[in-house]
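See below for the structure under consideration.
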Amino acid sequence: MSGLSGRCLCRSVRYRVSGPIIHTGHCHCESCRRATSSPVTSFFCVATADVAFEGEALRHFASSPGVSRGFCGNCGSPMSFATDKRPGEIDLYVATLDDASGVTVSQHWFWSERVAWLSCDDDLPKHDN
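For the sequence shown, numbering that gives the first Met the number 0 begins at 0 and goes up steadily by one.
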């Protein structure tokens with residue numbers, strides 16, 4: 000899939016993806032929950048070289064060793080996640096897409112860290128990392 004595009008809330012940061020999605024997932028880890036103030040967040044991963052950011056430059060926060068979280072410096076919208084464990088890849092938030100209808104999330108990550116009060120009744124594989 001190519002031709003995906005997205006943006007932050009205030010439209011200061013925009014991006015276009017030219018290559019295929021590598022993988023997708025719903026992340027339940029505590030760090031992602033705190034970074035987004037939500038019980039779960041959904042990512043799609045692409046090659047870093049396949050993403051072109053436009054407008055304002057992302058600001059970055061090192062949320063843990065080897066992890067960089069990109070966000071809009073104007074409105075604060077979370078935009079990206081990158082880890083040294085997967086060089087050359089970047090995770091983007093599905094919720095930032097202009098049209099997410101063509102993206103299918105395929106698995107759950109950090110299932111053991113999920114919040115107890117959210118029900119996820121699907122048949123997707125559930126991993127603890």
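Cβ atoms here follow ideal geometry from the backbone N, Cα and C, with glycine treated the same way.
As the structure is a prediction and not an experimental result, all values here were calculated from the model.
Spatial distance of residue i from residue j (CA atoms)
| i | j | result |
| --- | --- | --- |
| Tyr92 | Ser63 | 19 Å |
| Thr47 | Ala61 | 18 Å |
| Phe52 | Trp116 | 36 Å |
| Asp97 | Arg15 | 10 Å |
| Thr95 | Ser30 | 19 Å |
| Gly54 | Arg10 | 8 Å |
| Gly72 | Arg13 | 13 Å |
Reference residue i; option with closest CA among the options
| i | options | result |
| --- | --- | --- |
| His107 | Cys26, Arg32, Ile21, Gly101 | Cys26 |
| Gly69 | Leu3, Ser76, His59 | His59 |
| Pro77 | Glu53, Phe42, Gly65 | Phe42 |
| Val66 | Ala99, Trp116, Ser79, Gly54 | Ser79 |
| Ala56 | Gly75, Gly2, Val45 | Gly75 |
Those residues which DSSP pairs with residue i across a bridge
| i | result |
| --- | --- |
| Gly2 | Beta-bridge pairing links Gly2 to no other residue. |
Runs of beta strand (DSSP E) lying entirely within the segment 8–72, each at least 3 residues, in chain order
12–16, 22–26, 40–46, 50–54, 58–63, 66–70
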